[in-house]
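So the sequence shown is numbered by the UniProt record's numbering: it starts at 1 and just counts up by one. Report on one structure; see the data block that follows.
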Amino acid sequence: MTAESAPARRRTGPGLVSRVGIVVVGIGFVFPFLWMFATSLKPSLEVLSSGGSLLGSRVEWSNYSAVWTATPFARILLNSFLVAAGGALLAVTVSLLSAYAFARLRFRYRDRLFLVFLGTLVLPQEILVIPLYIMASRAEMVNTYAALILPFAFGAFGAFMLRQFLLTLPRDYEEAARIDGAGQLRILLHVIAPLLRAPLAIVGAFLFIEYWNSFLWPLIIIYDQEMATLPLGLQMFSGERGTDWGPLMAAATLAVIPSLLIVVAMQKQLAHGVNLGGFGGR
1 MTAESAPARR RTGPGLVSRV GIVVVGIGFV FPFLWMFATS LKPSLEVLSS GGSLLGSRVE
61 WSNYSAVWTA TPFARILLNS FLVAAGGALL AVTVSLLSAY AFARLRFRYR DRLFLVFLGT
121 LVLPQEILVI PLYIMASRAE MVNTYAALIL PFAFGAFGAF MLRQFLLTLP RDYEEAARID
181 GAGQLRILLH VIAPLLRAPL AIVGAFLFIE YWNSFLWPLI IIYDQEMATL PLGLQMFSGE
241 RGTDWGPLMA AATLAVIPSL LIVVAMQKQL AHGVNLGGFG GR
């Protein structure tokens, strides 16, 4: 009896520690969102004076109505959705084409060019904004949706992820399609793309969130309030007279909801995609 229970205790111990650790880390991630939501329901004057209390003297639901009246929030939401959806769609298309070229096509210096392509991931956005702004200005694209979408739709992140997935796929289907007379484009669209449906959705989700949260580039390229995206819209609650914390937190809470919904809906696919995309294939 004792001999059988000892291994069970040894197995239970690490499992319990892991569960406790997961709960602690989960609370650490959730608490900032809980604090933000609680702050959005406080009177603005009590946000900084209430100390560590989550609750104010009263529940101020008017902060949420103020978000829609103090700023063109509906227009800002529409702008963010159009930019994030359009940018993600274009970036996924470009990433699929790039991944197929680097994984399946044979051409000189392919692997070296891919390493150079990956090297662009280490370049901070602050280095790129000046030349990008100059090019956008010469192309008369400043303060347009095209300027918000195009410059960062040709990054290496999506191409790298999809290439890793492609390297794990057998070539049998492609060879069969090639024997039937299919060209490269037809193979890509009718054979490869259906097999990569889940990875394409994962990469699209990552890119959508990246566009949704982008702040520096829209801050530089947009000067009209009607073209502002959500990160710029949040900045409108801060001015010379100070920051209106209640409506600001309410707007931030609304801005986070789409990203949270995407992550919750695709959590299994995202975890699987990160593991397989990072370590699958060679």
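Note that the Cβ used here is the ideal one computed from N, Cα and C, for glycine as well. On a predicted model such as this, the values are computed, not experimentally measured, just so you know.
Measure the C-alpha to C-alpha separation of residue i and residue j and round it to an integer number of angstroms.
i	j	result
Gly-26	Ala-176	47 Å
Gly-28	Ile-22	10 Å
Glu-210	Pro-124	14 Å
Phe-279	Gly-56	Here the model assigns Phe-279 a pLDDT of 43, short of 50, so the residue's position is not dependable, and the following value carries that caveat. In a straight line, the C-alpha of Phe-279 is about 48 Å away from that of Gly-56.
Leu-232	Ala-250	15 Å
Gly-15	Leu-113	45 Å
Val-122	Ser-62	44 Å
Arg-197	Phe-152	22 Å
Ala-155	Val-92	Here the sequence assigns Gly to residue 155, which means Ala is not the residue at that position. Distance between the alpha carbons of Gly-155 and Val-92 is about 10 Å.
Arg-282	Leu-166	Any reading at Arg-282 must be qualified, since the residue scores a pLDDT of 42, below 50, and its modelled position is unreliable; the value itself is stated next. C-alpha separation (whole angstroms): 10 Å.
Leu-90	Val-203	12 Å
Arg-163	Trp-245	44 Å
Arg-178	Phe-107	19 Å
Gly-86	Ile-149	7 Å
Pro-199	Ala-265	15 Å
Ala-103	Val-59	56 Å
Ile-134	Tyr-223	15 Å
Asp-180	Thr-168	23 Å
Leu-48	Tyr-109	58 Å
Glu-126	Leu-234	21 Å
Leu-230	Leu-77	6 Å
Phe-31	Leu-54	11 Å
Trp-35	Glu-46	14 Å
Ile-257	Asp-172	42 Å
From the DSSP output, in three-state form, read off residue i for me.
i	result
Pro-243	A quick correction: the sequence has Thr, not Pro, at residue 243. Strand.
Ser-214	coil
Ser-53	coil
Gly-281	With a pLDDT of 43 at Gly-281, under the threshold of 50, the modelled position of that residue is not reliable, and no figure is offered here.
Specify, as a first and last residue, the run of the alpha helix (DSSP H) that residue i falls within.
i	result
Leu-132	125-138
Met-161	157-167
Arg-186	184-187
Asn-79	73-104
Asp-172	172-179
Ala-153	Here Ala-153 belongs to no alpha helix (DSSP H), and DSSP marks it neither H nor E.
Thr-69	62-70
Gln-235	230-235
Asp-224	Segment: none, Asp-224 is in no alpha helix (DSSP H) and carries neither H nor E.
Val-116	110-119
By alpha-carbon positions, which one of the options ends up nearest to residue i?
i	options	result
Tyr-100	Ala-255, Val-24, Leu-185 and Thr-229	Leu-185
Asn-143	Ala-228, Gly-119 and Leu-207	Ala-228
Leu-82	Phe-208, Leu-166 and Leu-115	Phe-208
Ser-238	Ala-70, Ile-149, Pro-258 and Arg-75	Ala-70
residue 369	Met-236, Trp-212, Leu-216 and Thr-243	Since the first residue of the chain shown is 1 and the last is 282, residue 369 is not available in this structure.
Phe-33	Phe-107, Val-20, Met-266 and Leu-260	Leu-260
Leu-128	Ile-221, Gly-183 and Gln-235	Ile-221
Asn-79	Pro-218, Leu-188, Ala-252 and Ile-262	Pro-218
Ala-201	Lys-268, Ala-146 and Ala-136	Lys-268
Checklist line | Inter-stretch contact at 8 Å, needing at least 3 Cβ pairs: the segment 156-165 / the segment 92-109 | finding: For the pair of segments examined, the segment 156-165 was found to touch the segment 92-109: the number of CB pairs separated by less than 8 Å reaches three.
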